Each structure stands twice: as structure tokens, then as C-alpha cells.
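Residue numbers (the working numbering), protein chains in the order written: chain Z, 364 to 713; chain Y, 364 to 713; chain E, 364 to 713; chain S, 364 to 713. All C-beta atoms, glycine included, are put in the ideal place defined by N, C-alpha and C. Treat the numbers as computed from the prediction; the structure is a model and nothing was measured.
This is the structure in C-alpha cells:
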């Protein structure tokens, strides 16, 4: 029963980011350094209608490596800052009580980002409840891991809604592992939004989203794509393959080995546009398909031969350890201004 | 913050059994075999007032070894049977929906009995919710592990109460690791009652008990003592020491080695009563103290030198694995009549 | 340091099976049922020279689902039988002492098959050493998990060689998680061979293989592919895509939906051979590449854009639990003829 | 089989310290602060013969609380310093290669100190072996966790001896959880010695000790008592009880509550000596027994009633986390002079 029967049906939360096309409109990009970039998009209600997306703020932090100590420090600073700005924009005051929710399944490594993050959250609500003397700059924070329906028999939304009704926090921060919509984002982006999140979504059940609309308090959702469908890997690779072949054809003089070693090569070919004739030449019938047709054909063939896997990098245990630590450190620092450096890192007050 | 600051103050749930003196009144004892014994006591309201205990049923299953396969099978049978009888007495019907609650701290081995048991509970509520076709003899069961206040910032009671209000089960089974009131019971008794249980009790906060009075649905509490105060070890040992010395004095002819090897020795000396003169002779001033005085003196000395530890056997990891399996197997079998033998043991339907 | 610096360089052990072309020559195929198939190939020394493979026995057990109880029972029976036959062919006697070696990294889920299997192995050598009375039909077995070089600083081979020199077992069974050479095999095959295995191979260091040649005692290697390079996913999918498009073109009359639902579809298209003209029509330049060229082109593009991931299915925790149990149960049953059914499943004698 | 059959027989390693009486002779005591004290004793060969102990250095670091961040920092400094001094006295050079050995059972919390410490050791030997460029001030270190005989079937000594023969380090640091000889020491002392250690000792098998005599290279053993026999708790408490009663009798005027609150009370009564008449008055026959007789009587009564438990504090998971971190940080810092502060704490070079 545990995590078994066709979880793919109700266990996947999708990317919080919005697509490239939309991004071009209201986007603010900040390059912190060559390996760290923030993209912020704000969609107003009118645009939201047109785009069929929820109105609100979408922030993406892109980084190269979350396992290197110096890079982690930079990512944490950057994320702390973005959470702080979001708290302000959502009108959350310094002493407002919050609840942190770690979505996902503790026992499934790729889905354990939320619970592993909660393990490192500095929880303080009980100190206030027990009338312990808590110093200035520490606010009241509780934290829960609602688990997954296959293990509890209860939808996460039901658990969260009932606890929030009871303890009445002023805001929510929800953390979740997501399915990536692109091979590029997997374990390499942190996505924030104030538009809500769907735990255990995908059962055609839109009212179960965690959002201000359903819970009546502001929510900051923080997600990291940790898994990807094999069909997306295939499709993304085929697209890069087209561009790679096109590039090679048109740049025969260049030394192939040099190209490959260049860390800039990805950016170089990423925005190459192939014309239809070139596409057909390179890949025949497949090259004549629209992006949507190609995607659905790949998905169809993988399903029909039963290889439509959802996969995660083999280093996922180590990645989740690092990513959950980055999230928890940043959240702790944002919420408790009085914390000193080692308190953030050891998740306790004294 | 995690499990740190003086948890002893609010983390201990005490024995569910009632004391020896009371037991003598309304007791039914069943010896399944020489290593397995069931004691059942029912306290009516009038007695409850006199005894200052809650009215209801108290069942104790005593066993010798929960780590031996054959013994485990026997204990499971016995516990399944007692749960079944309690379900009937509480008027719970075959299709009534239930919720299983695993109290305690998953990350503290001696306190992890509840959560480890939940990991092995067959959860089915989502199958009914998702309109999956579930066969006859399987009922709707959900399961939660509310965690401990030091990790969530929220009292277990608050979490449980709000979820129960939301999903409206017909009955509760709550599992918890307890503090033993006697060295003899530690990891060697399973205690059941319909009178409720106190998660995170001891803060002088009696209204927070999980019980029919507070939650309006019947509750079966199942507890196993897994820890014991060092003062209880000392007091119990001193009492046995008195009896041992008395026995030796009065049975000088017997071969000491033979005595020690006898598995019957404990029972032989257990009920020895020493008269005051003998007590004083054996242990001077200490021997003249009443049981209460002696206990409080031991507790006082241990506290004043900071050795008032609460301890658990060093094999606790292994014991919790076995005990949580026994509880889960028995609960699964009691609740789902259609389960076959391997389904109980692998915790899933297919 | 733990599992960090570019482990991909030295952490991957490859498939134990030999390629399709070779398989056709000396192959014996047994279909146990429609979801369970055994393929056995024996390569003699002359063939080994020609094929540039090691001479010996290669057995592949293919199954559909290792998470279903009934299927697990069948796979276990089948694997027990194959191990028994191999033990006989390698001239290992009923009382010969053995050592079981669990290769891989306990802390990296996809690589933890070996250590997790060892946790369930019935270890008995110390009973013989301590002169405990062990009943007939139980042999002397020890078990080790040498860990990985990133965590120990020592090559697995060095640890294993030195322990074997010391305790002098008569044979080895080595268990390891492997990298799959095909999307079809991942978590769906058990591979056995008597030709040895390379722990931490790939550093161009062939003398470090575990084999009869290097250790002077027979070795049975048991591997399960648990990870796969993304380039293999892409290549395999493209090949199926060609066949799928070809099939659709040539069978326009058939209802597409019916095709997809058919569990036989994979087998139907698997052996389709496309002629060069059809290939070019379907996929242009890409269709004109040889299998080797296409593979290396895909690998090249993924490397140059830094997406050459090695991935594992997101359900890997659950799969490893089931697969390690199947291996341990089968090994225990093969080695100790006197074990009854629950002893195999609880990994202890009494 | 795992950790089951009467491990008490071969699983207990005893205190590394030497008794109070001996300590008085060659002792050097350093009080770092009121909660941190170092005691060093050196026994020469002549004394060793007289005392029936091994000649060598015995260092004990006593502390009050290993779970508080500031105290941990102080303990780490102090331990780093003691290890450094020992390395020098044992003539170990800055570039000498070492091996760290984590004794004990990873799966039994109270016995997992060694393996949990190894998880945090900075391992570098493979970098030297793979000819990676390692900076000055980092030495070659390997690390192993030999496991316990019940899980491997092999004595730890055999595993260690064979690996050391193979990789030829210049020195050993061995870490182990110990059984305390006093209630005061449990989780509150770190004990170092250069005289060796007995993994899995107690089978009357003295040649199996890890020591310079048996392995031909110097060894620093670091142990922390994490478990204690219930008979020791009882005996120590009875002794304090005698002193407490004596103190109360002789200081009737003092306010009892004030006494108990005093943190100095333990030290006040610790060295009280009762004369035989007072002892008999306080505790009759028991008071007339010698320390040895009393101990053996308590042990006898606990054994005969089957309550001779070995116990550990219920917070053991949390204590082991903190203690293993203190040991690993100190060892890493001592061995690699070039490590900066975060490298020590994250256990990796970059």
C-alpha cells in the first residue's frame, strides 16, 4: 500500500514556473554571478486571463551547483533575500505567526525534499504557547509534514486545512519537490510563487490547491524540480540534437573537441532556430512535427512500450541533503531576524 | 530545538495499567501459556470515583520475549483477539471507518513505537475516497503520526482533534510508547484501555487527553512501556534485594547456584512479605521507610546529583522493530477480516 | 568528500549480460510464465577470444514487476534454482563456507542494493567459530559491505582481497547495482555470472576485478541494473520511435488506441527492421547514422550541454527494498537447505 | 541473527579509564572551566605490573553537557588538543598516513558512536592513490566500520588486522561506544588511551585486542561510555543514598529544598566517608557488606529475576548525534592542519 499503486496518477506536482513565451513579457532578470541568476515575473489579473495562468509573482533562482559550499552560501543569501521581499509584498509583519509545510513523501528520496527541509526548520510556536521567555527577533513558527495519501489515506489538503483552521497562523510557507518541465531545471532551480501549490494534484481536482483562495491566508510556495519524465529528456535532447547537427553543419571549420569543452556551448546553440527545410533535412518526418506533436508522439511510444518512467539523477540522496539544507537555512534566516549564524545551521535556539 | 530542551517535562506518557491493589478486585486472568498471560480489569463508575481512576476496561498482555518468532505469533493472536473483543464492546461495526494514530517521536528510538507501527498499518481510506473497487472485508482506515511538540510546535492533541473533526472517523486506535511504572513491565507488556491516553501529558494539562470525553468517538489506546526512570530501577531492585536476602537467610541449606538458575525464582520471592523487624535488620533506616518514602528519597537523591535519568534497554532498536510489527500485524488483522496471512505481513492489499 | 567529487568516473559497474548478437549463438531460453523468462548463455574459451568477452556462464532472469507479492515468490523460486545450479556447476559442496559481498554505497539509494541485501543475509560463521551447536543443513556464511572508495579511501577490491586471504572462504557471492545498457532492463532483470565483477571499475584498471582469476576461489556475481545514462534512454526511445512511426505508416487501418492498449505492442515493434530508405524518410540525417554513430552523437550533445545525467526511476527506494529482499531470500534459501519458510524471511535461525 | 542471540556475551567493551585508587598516584588534572575537566594518568611498566593494568597514557575529558553549542565548541578544542599531544608523544609525523576505525553496530543506536563518527570523517587516501593534487596540510586518511560479528560473522579484529596488513597505515585511531563503570560517566566523558581497545571483547579472548602489541603500529583509542548495567545504577545510587541520609542526619538545620537546588550538592556528598557503625545504622545488613559484596549481591539478584538489563538514556539518538560530531570534528582538525572551519564541519575538502 505504501507508495505503491500507480502513484504517478496523483503524486506529481508540476513546475511552479511559467513558460518561456510568457516570461518574455513582464520579466526582471538579475544575474548575481555567472552561476546564479534570478528571474521574476509578475502576472496581473488581465494577463492571467489571457494566459490561463494564476495572477501573481513567479520567481526562479537558477544555479549551477548546489553541492559546493561557496555556491550554497550564495544561493542561501539570494533565497533569503527573495523570501524577505515576498514576505513584505504579502504584508506579513515581523511578529506574524507562520506555519511551514513540508509536502511529499519522506520515504521516497526524490520526493522527500519537503519533509527533510522541515527536519531542519527552527520550530518555536510551543515556546510561545508554553510561555517560555523567547527573545526579540524570534517569531512563532510551527511545522508539519502531512505525508502522502498512500501512507495516510487522507489528502494533504484536508490535513493542512484542518490544522490551519485550528491554530490560525498568519501565513504559510509550503515546500515541495516538483516534476520538471525541462531537463535543464532538474535540481538546478528554486521556484517561488505566491499563487499556491497543488499537493497530490493531477486527479482533476483543482479545488484542492493550497492557495490564498482556498486557505484565506497568504502562502509562499517554494519548489525544486527533482524528477523529470523520460519523454521530456528525450524531447529536449532531440531538440538540442537538431541544433547541434545544424551547428556542426554550418561551422565545419571549428574544432569539434573545442566546441564540446566550451561551457558556453549550451548557450550558443540554445537559441538557434532551425527553418523547416533544415529541420526536415536533419530529421525527416520527425522534423516536420510541431513541438506539441513531437512531444505527444514520444510520450505515446514510451507509454505503449511501458517505458514512460519518471526519473531522478542517481545522486539524488546527496542532492536532497544539500537542497533541503539551503531551503531550511534561508527560511530560518528570513523568519527569525535574531538568529546568529550557527543557530541557523544547527536549527535550534541554544 | 529538535527533541532538545528538557523534554522530560512534557514528553512522558505513563503506564496505562492500574496498580496491583486495584487489580485484585475486578480482575480476570487468563494464562495462554507459561510465557503469555492476559489480565483484564473493568472499573465501573462507582469504583472509579473511589479509586480516583477513569472508569473503563484495562487489559494487560504480559509476555516473556517479543523477539522470538514463535512467541511473536502467539502474542499477535492474543492481541488480535483482545482488539476484536474491545471493538465489539465499544459497538464498532465491521464497516465503521477508523483512524490509527501513532504518537511519539520517530527520531527518538525509545519513543518511536507509534510512528514505526503506523509505517506498517494497512491504509485504505484513499481507496474508498478514490472510488477504487475494494473487496468485502476491507474497511476504510487512515493513519497519522502527529509528531511531537518540539518538532512541530503544535500539541499532538490539537493536530488530532482538528483532523478528526474534518474526516469524521467512527473510532480511534492510538499507539504509544510509555514510561514504565515497574522494571518488570519494560518491553514485556502490551497495555490496552478504552479510557483514553495523554499524548505529551504532564504539563498539568488534563483536558488534552485523547479520550471519548474529548473527541466524542470511542478510542482504543495501545501502549508498551519502553522506558523507565532510574529511580524505579533502584527502588524495585532494593525491594527484590530485601526479599532475596530474606530468602537466603531463611533457606541457607539450598544451593545458591540452583536458585539462580531457576526461572521460578522471581515468582518465588516476588510475593515474600518481610515483617518490619526483618526489614530493619536487613536494611536499617532504609528498611523502616514506607514504600512511598523510599521512592521519594531515591528520586530525591538522584535528582540532587543530576542522575535522574530515564533509560531504555540498549537493544531498544531491535525491540521497537519487533514490538511495532506485533502491534501493526494485530491491528491490521483485527480491522480487515478479508486479509490473508501475507497481506497482513506486507501491509498492502495486492 | 562523501559521495561527491565526480563519482561518475569510478562508481559505475556495467551490465553483466552480453549483447544480443552474441546471445543468439549459445542461448538457452526458458519461459517460466508470460512475465518471467530465463536466458542462459555459455561462452567457451575459443568463443570468448573471438567475442572479446570472458568465458563463462551468463544468466539473465527477466521479469515484469518485482513489487507484486505473487510475482516476487515466482522470481525468488527461479533465482534460488539458478543459484543452486551454479553452485553445483562450480563444484561448491553443501558444507563449503561462503562469503557474501554487498558492493555499492549504502547512502546512495540507487547504489544501495548490495548493502541492503547484506542486511537480510543469514550470517552464521560466528556460530561455527564460537562452537555453537548449529543444525545440519546450515552452512558457515559471513557477509561484508566494503563500502565505496569515497567513504573509506580504500578500493573495495583491496578490502575484499585482504579479508578473503584472512578467513579463507571456499566461494564468493557478490551483489551489486549496475548501470543498464538498455532502458528495458532497468530494475527488470537479475543477471548472474561466474565470470566476475568490477567494483569501482572504470578507472582503466582491469586487474581490480573480483574474479576467480584474481581471488582464486569461485565467484557468483549477481547484479541488477538500477540506473541508466540519459543518452541510452534517448537512443532507445529514438529507435522505438522509428519503429513506431514505421508501424503506424504501414498499418494505417488499425485503431491507434487499440494498439496502445495492447501489452503485446512492444514485442510487435521490437523486432521491426527498417530499411535505409525508410529510416532516412522518417528521420533524415539522423536516420542515416549507424547505431554507434547515433549513440555517440547523442552522448556528445548531452555532454556538451552538461545534461549527461545518470538517472534512476523515482520509485527507486521502494524498488531497492523489494529487489534486495528477493536476492537475500533466494541466496539464504540456496545456501542453507534446512531453513524453513519464515526463517528465510526473517533472516535468523530462531 | 542480526543483533540477536545474547549479544551481551560478546558485545560489551568496558571503560578505558582506570580506577579512582590508581588515579590518585600519577594524575595530572586540568580544569578548563567549571564544566570541563581533563585528567591524565601515565602508568609505567613497573606500576602496570603492580596494578595489573596496561602501561601507557589514560586521558579522561569530563564535561557536563555535550548538546549545547558553546560547550561543544569547548569540548572539541580540548579534545583536538589532547589528540594532537598524543600524536606527538607517539611520534606520529605530520604526513604519516592514518586509518580511523569506527567500532560498534550502526543499527543499534547506543552502539553506533563509532560508525556515526566515521560518517563524518574526512577521508582522503583515495585522493592520494588517484594522484589527485591534494594541498599541503591534508594527510592521507582512510576509514572503516568493520561492523559486528552478529552481522558479518567475522570478528572485528580479523577484519581490521587484514586491512591494515594490506594498506599499511602508520597509525590507528579507533572509536567506540563503551559500557560505563559508573553512572556518572555515561555520555559525560571522552576517554583516550594509547594502550589499545577490545572490540567484541569479553569472550575470554585477550589476544584479540587492538593494540600496538597486536598490530605493530601505534593506536589511539577514543571511547565514550554510552550504556551502563542496571546493577551499577543501583549500586551507585545506594552509595549516594547512604551519603545523602548521613548528610541529612548531620545537617538537619539546613533547608532540604535549598540543598537539592544546589549544583554543588553532588560534590559535597561525593567524598563523604561513612564509618561502619553509621553504615549499619542506615542500612542494616546491606550496610555491612563490602563494596564488592554489595555489587555482586545486586548483580546476583537482578540476574536471578532476569532484570539484569544494560540500559542507555532515552535521549540516546540525540546524544550520539552530538557526540559523534564532536569526535569527528576534533579528529579531522587534529589530522589535517590545513582545514578551515567549515571544511571541518562539512567533512569535505571543497
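Option in the options with minimal Cα separation from residue i
{"i": "residue 444/Z", "options": "706/Z, 709/Z, 419/Z, 697/Z", "result": "697/Z"}
{"i": "residue 637/Y", "options": "536/Y, 666/Y, 451/Y, 601/Y", "result": "601/Y"}
{"i": "residue 590/E", "options": "557/E, 651/E, 472/E, 392/E", "result": "472/E"}
{"i": "residue 571/Z", "options": "668/Z, 683/Z, 523/Z, 390/Z", "result": "523/Z"}
{"i": "residue 422/Y", "options": "587/Y, 436/Y, 646/Y, 533/Y", "result": "587/Y"}
{"i": "residue 438/Z", "options": "448/Z, 450/Z, 425/Z", "result": "425/Z"}
{"i": "residue 608/Y", "options": "651/S, 449/S, 448/S", "result": "651/S"}
{"i": "residue 407/S", "options": "400/S, 416/S, 399/S", "result": "416/S"}
{"i": "residue 488/E", "options": "555/E, 463/E, 653/E, 702/E", "result": "463/E"}
{"i": "residue 630/E", "options": "664/Z, 642/Z, 627/Z, 657/Z", "result": "664/Z"}
{"i": "residue 628/Y", "options": "639/Y, 402/Y, 614/Y", "result": "614/Y"}
{"i": "residue 690/E", "options": "707/E, 702/E, 701/E", "result": "707/E"}
{"i": "residue 516/Z", "options": "498/Y, 491/Y, 518/Y", "result": "491/Y"}
{"i": "residue 685/S", "options": "709/Z, 477/Z, 683/Z", "result": "709/Z"}
{"i": "residue 633/Z", "options": "547/Z, 478/Z, 639/Z, 702/Z", "result": "547/Z"}
Sub-8 Å separation of residue i and residue j beta-carbons
{"i": "residue 539/Y", "j": "residue 592/Y", "result": "no"}
{"i": "residue 427/E", "j": "residue 434/E", "result": "yes"}
{"i": "residue 481/S", "j": "residue 506/S", "result": "yes"}
{"i": "residue 389/E", "j": "residue 404/E", "result": "yes"}
{"i": "residue 541/Y", "j": "residue 378/Y", "result": "yes"}
{"i": "residue 644/E", "j": "residue 419/Z", "result": "no"}
{"i": "residue 529/Z", "j": "residue 460/Z", "result": "no"}
{"i": "residue 483/E", "j": "residue 687/E", "result": "yes"}
{"i": "residue 537/Z", "j": "residue 595/Z", "result": "no"}
{"i": "residue 526/E", "j": "residue 580/E", "result": "no"}
{"i": "residue 603/Z", "j": "residue 668/E", "result": "yes"}
{"i": "residue 545/Y", "j": "residue 474/Y", "result": "no"}
{"i": "residue 555/Y", "j": "residue 509/Y", "result": "no"}
{"i": "residue 649/Y", "j": "residue 597/Y", "result": "no"}
{"i": "residue 452/S", "j": "residue 699/S", "result": "no"}
{"i": "residue 504/E", "j": "residue 476/E", "result": "no"}
For residue i, the three-state DSSP class (helix, strand or coil)
{"i": "residue 760/Z", "result": "In the structure as shown, chain Z begins at 364 and stops at 713. Residue 760/Z is therefore absent and cannot be evaluated."}
{"i": "residue 567/Z", "result": "Low per-residue confidence applies at residue 567/Z: pLDDT is 42, beneath 50, and the placement is therefore not dependable, though the value from the model is reported in the following sentence. Coil at residue 567/Z, not helix or strand."}
{"i": "residue 534/Z", "result": "strand"}
{"i": "residue 634/Z", "result": "coil"}
{"i": "residue 391/Z", "result": "strand"}
{"i": "residue 494/Y", "result": "coil"}
{"i": "residue 396/Y", "result": "strand"}
{"i": "residue 470/E", "result": "coil"}
{"i": "residue 684/S", "result": "helix"}
Between the region 491-505 of chain Z and chain Y, which residues of the former have CB atoms less than 9 Å from a CB of the latter, in chain order? 491, 492, 493, 495, 503, 504, 505
Cβ-based contacts, 8 Å cut-off: residues of the region 417-432 of chain S near chain Z: 431, 432
Residues from the region 656-677 of chain S in contact with chain Y, defined by Cβ distance under 8 Å: 660, 661, 663, 664, 665, 666, 667, 668, 669, 670, 672, 673, 674, 675, 676, 677
Using Cβ-Cβ distances below 8 Å, what residues of the region 596-607 of chain E are close to chain Z? 596, 597, 599, 600, 601, 603, 604, 607
Do three or more CB pairs link the region 674-691 of chain Y to the region 670-685 of chain S at distances below 8 Å? yes
Are the region 555-562 of chain Z and the region 572-581 of chain Z touching by the rule of at least three beta carbon pairs closer than 8 Å? yes
Under 7 Å, CB to CB, which of the residues in the region 456-469 of chain Z have a partner in chain Y? none
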